[in-house]
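Visitor:
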Amino acid sequence: MQDIEFLQYAVNLARENVEKGGRPFGAVIVYQGELVSTGVNQILAHNDPTSHAELNAVRQACQKLQRLSLKDCVVYASGQPCPMCLAAMRMVGVEKIVYAYSNSDAEPYGLSTEQVAVQLRQPPQQQDGLQFVQLKLDLPFHLYQIWQQSSK
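Going by the working numbering, the sequence shown opens with residue 191, and the numbers climb by one from there.
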């Protein structure tokens, strides 16, 4: 399969999801030219705002491949990934994302995440509608130090 075929598959998943009452987002992950995982947006079905197509596909791919790195995988998504999905894909090392519909394509339908992306480009303390507070606790240990020592 080629990029266009995998992307068409993601769009078809999104369309099927709409027909089942879901939102218009689908994603597939490919490793060495083979389909590894698929996902659709299930935020309404699961009442879970993190149940995006790309995240569902990432979870499934990591489980199937038995690893936390998807560095050598390609993600095909029906829509431009939102900041949350993009961050997750960065964290697992995805190096290529192919998508069909952009934020500008999605904007007239209320599906664009561009405003969230704009806010996230600002330092957290400067983002509208977000209180971002660090409280230092007086503890007899350092949590990360304990983790580091336990993982040796």
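Glycine included, each C-beta is placed from N, C-alpha and C at the ideal position. As the structure is a computational prediction, the values presented were derived from the model and not from experiment.
1. Counting pairs of Cβ atoms below 8 Å between the region 208-216 and the region 226-237, do you hit three or more?
2. Ordered along the chain, which non-local residues of its own chain (more than five positions away) have a Cβ less than 8 Å from that of ALA251?
3. Among all the DSSP beta bridges, which residues are the ones paired with LEU225?
4. Pairs of beta-carbons, one from the region 293-312 and one from the region 322-333, closer than 8 Å: are there three or more?
5. Go ahead and label VAL201 buried or exposed: buried means 16 or more other beta carbons lie within 10 angstroms of its beta carbon, across all protein chains shown.
6. Based on Cα-Cα distance, which residue from GLU285, VAL282 and ALA307 lies nearest to SER294?
7. Please name the residue in ALA290, PRO314 and GLY319 whose C-alpha comes closest to that of ALA204.
8. Fully enclosed by the region 202-278, which beta strand (DSSP E) runs are 3 residues long or longer?
9. Mark SER268 as exposed unless 16 or more other C-beta atoms lie within 10 angstroms of its C-beta, in which case mark it buried.
10. Suppose you measure from the CA of ARG257 to the CA of VAL248; what does that come to, to the nearest Å?
11. LEU197: which of GLY223, VAL208, ALA217 and GLU206 sits nearest, CA to CA?
12. Do CYS275 and LEU255 have their beta-carbon atoms positioned less than 7 Å apart in this structure?
Guide: In short, the structure shows the following:
1. yes
2. ILE219, TYR221, VAL226, SER227, LEU260 and CYS263
3. VAL220
4. no
5. buried
6. ALA307
7. ALA290
8. 216-221, 224-230 and 263-269
9. buried
10. 11 Å
11. ALA217
12. no
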